[in-house]
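Undergrad:
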Amino acid sequence: MSDGYEQVGAVDQLSESGRLSVILGDEIPALVLKAGDNFYCVEDVCTHDGQPMTDGEFDGCELTCPRHGAKFDVRTGSPTMMPATEPVRTFPVEIRDGSIYVKYDE
């Protein structure tokens, strides 16, 4: 799309507190997460050890890395619990006609 957003899925693919694994562009692993009526997208790489957070617990707006328990606020990417000290990359999300769009730059 010319506005920099890429369609990654449909709203009905996610239940409340659900997640959808996607690849942005050709190589950026990401998670689209639903918290209530809001959608967020974070890079699926823990900044503590570089491992995926795909299967981590998601509660409220906090995603936990399953390996060492680091936690991140998916609204901002900020770490909320050690051992992570660096934020995870976040991407803007828009909902259009029942589809999920994510904006990213490579």
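Residues in the sequence shown are numbered from -7 upward in steps of one, following this note's numbering. Even for Gly, the Cβ is constructed at its ideal location relative to N, Cα and C.
#1: For GLN(-1), which residues in the same chain have their Cβ closer than 6 Å to its Cβ, ignoring the five residues on either side in sequence?
#2: Using the Cα positions of ALA76 and LEU6, report the straight-line distance between them to the nearest angstrom.
#3: At what residues does the beta strand (DSSP E) containing GLU35 begin and finish?
#4: Using a 10 Å radius around the Cβ and a threshold of 16 neighbouring Cβ atoms, would you call ALA62 buried or exposed?
#5: Need the endpoints of the beta strand (DSSP E) that VAL105 sits in, please.
#6: Measure the Cβ-Cβ separation of PHE50 and VAL85 and say whether it is below 7 Å.
#7: What are the partner residues of ASP47, as DSSP defines its beta bridges?
#8: With DSSP as the reference, label ALA3 as helix, strand or coil.
#9: At which residues does the beta strand (DSSP E) containing ARG88 begin and terminate?
TA: Put simply:
#1: Taking the first residue of the sequence shown as position 1, residue -1 is located at position 7. Excluding residues within five positions, the ones whose Cβ falls inside 6 Å are SER91, TYR93.
#2: Sequence index remark: in the sequence shown, residue 76 carries index 84 (1-based). Sequence index remark: in the sequence shown, residue 6 carries index 14 (1-based). Near 27 Å, if we compare the C-alpha coordinates of LEU6 and ALA76.
#3: Numbered from its first residue, the sequence shown carries residue 35 at position 43. Taken as a continuous stretch (DSSP letters only), the beta strand (DSSP E) holding GLU35 covers 30 to 35.
#4: As a first step, residue 62 must be located in the sequence shown, where it is residue number 70. In the assembly as shown, ALA62 is a buried residue. Its beta-carbon has 16 or more other beta-carbons within 10 Å.
#5: Here the chain covers residues -7 to 98 and nothing more, so residue 105 does not appear.
#6: In the sequence shown, the residue the question calls residue 50 occupies position 58. In the sequence shown, the residue the question calls residue 85 occupies position 93. Not a contact, by the Cβ cut-off of 7 Å.
#7: Stepping through the sequence shown from its first residue, residue 47 is reached at position 55. DSSP lists no bridge partner for ASP47.
#8: Locating residue 3 in the sequence shown gives position 11, where the first residue counts as 1. Position check: residue 3 holds Val in this sequence, whereas Ala was assumed. Correct three-state label for VAL3: helix.
#9: Counting from one through the sequence shown, the residue named residue 88 turns up at place 96. DSSP places ARG88 inside the beta strand (DSSP E), whose first and last residues are 85 to 88.
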